[in-house]
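Here is the structure we will look at.
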Amino acid sequence: MTTQQAPTFPEALKDGYRAFREGRLPDEAKRYVKLAKGQSPEVLLIGCCDSRVSPEVIFDASPGELFVVRNVANIVPPCEQGGEYHGTSAAIEFAVEGLQVKHIVVMGHATCGGIKAFASPPAPLSKGDFIGKWVSLVAPAAERVTKDRDAPDYLTHLEYAMVAQSLDNLLTFPFIRKRVESGELQLHGAHFGIERGELYVRDSETGEFKPAVDADGKALRPSALINCNDA
Ligand SMILES: [Zn+2]
């Protein structure tokens, strides 16, 4: 005997779709017609699943501009040839070898639950403990953190370190290393602060995260990264 009810598609999503259909869709009709033939984004963005850090919102990006992969704690696993299912690696492979993106941005964020789950593991949420196994990939990042574990900003430093670790792990994929070395592909690290919406970009020389704003205090437009001339 089951008490399961027929699923009801969320009203909030229907309302959102109605707004899209009446607003953005007709406004960007030309773009959608063009995109129906194919995509050619220049940026692969690897971010966290967290509902508060939507890359398209943060970068004010239009359809077709960002190829996005999101997983718990924006982790790029090291390149592995084993017979497991590698969802993130498959998406990276397609973006780089199929779409030939010019930039990969790994974006961490403040108060990341995945990073916290590594630092202070909670009880597994299910028998499989999928989160525990996945965030064990944060371990090499934790080794990079020199901050005391009790410091109030330890988790922020671990979030930064995970971005750096994911960037290093990207280079374990031979097809990425080759393109980076030939100058066809650039790797970038970033971190988003939720409360005030600050975006920090990682300095590849020093590893330091610096505000992504120009001298006037005006936020950098995504056009600095994305070629938007196909609107
Ligand atoms: Zn997160």
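Residues in the sequence shown are numbered consecutively from 0, following numbering that gives the first Met the number 0. For glycine and all other residues, C-beta sits at the position ideal for the given N, C-alpha and C.
Skipping 5 residues on each side, what residues in its chain have a beta carbon closer than 7 Å to that of residue i?
i	result
K115	L154
G22	none
V134	V71, A72, G113, A116 and F117
Apart from the five residues on each side of it in sequence, which residues of its chain come closer than 8 Å, Cβ to Cβ, to residue i?
i	result
I185	According to the sequence as given, residue 185 is Gln; it is not Ile. The residues are K101, H102, I103 and V179.
L24	Y31
I130	V71, G113, A116, P123 and L124
R148	A118
N228	At N228 the pLDDT is 43, less than 50, meaning the model places this residue with poor confidence; the figure from the coordinates comes in the next sentence. Cβ neighbours of N228 beyond the five flanking positions: none.
Enumerate in chain order the residues of its own chain whose CB-to-CB distance from residue i is below 6 Å, with the five nearest sequence positions on each side excluded.
i	result
A18	none
I193	R51 and A109
Q164	P139 and A140
F286	Coverage of the chain is limited to positions 0 through 230, which leaves residue 286 absent and any answer about it impossible.
Please report the residue range of the beta strand (DSSP E) in which residue i lies.
i	result
D199	Just to set this straight, residue 199 is Tyr in the shown sequence, not Asp. Where Y199 is concerned, the enclosing beta strand (DSSP E) stretches over L198 to R201.
R210	Note that residue 210 corresponds to Pro in the displayed sequence, not to Arg. F208 to P210 is the extent of the beta strand (DSSP E) around P210.
Q185	Q185 to F191
Are residue i and residue j closer than 7 Å when you measure CB to CB?
i	j	result
R143	A160	yes
V75	N168	yes
L170	G188	no
P54	L65	yes
C48	C111	no
Between residue i and residue j, which are expected to be in contact by the criterion C-beta below 8 Å, what is the C-beta distance as a whole number of angstroms?
i	j	result
N70	M106	That belief does not hold up - the Cβ atoms of N70 and M106 are roughly 12 Å apart, past 8 Å.
Q38	G63	5 Å
V95	I175	6 Å
S61	E10	About 26 Å; that fails the 8 Å criterion.
Terminal residues of the continuous alpha helix (DSSP H) containing residue i?
i	result
P25	R23 to D26
F8	Neither: F8 is in no alpha helix (DSSP H) and is coded neither H nor E.
E180	P173 to E180
Would a check of beta-carbon distances place residue i closer than 7 Å to chain C?
i	result
F172	Here chain C cannot be found, since the structure has a single protein chain.
Query - Unbroken stretches of the alpha helix (DSSP H), 4 residues or longer, contained in the region 87-171 - result: Secondary structure within the region 87-171: the alpha helix (DSSP H) runs of 4 or more consecutive residues, fully enclosed, are 112-118, 129-134, 138-143 and 153-169 (chain order).
Requested in this report: Just list the alpha helix (DSSP H) runs in the region 36-91, keeping only unbroken ones of 4 residues or longer that don't cross its boundaries, in chain order.
Outcome: If we require 4 residues or more, the alpha helix (DSSP H) runs fully inside the region 36-91 come out as 54-57.
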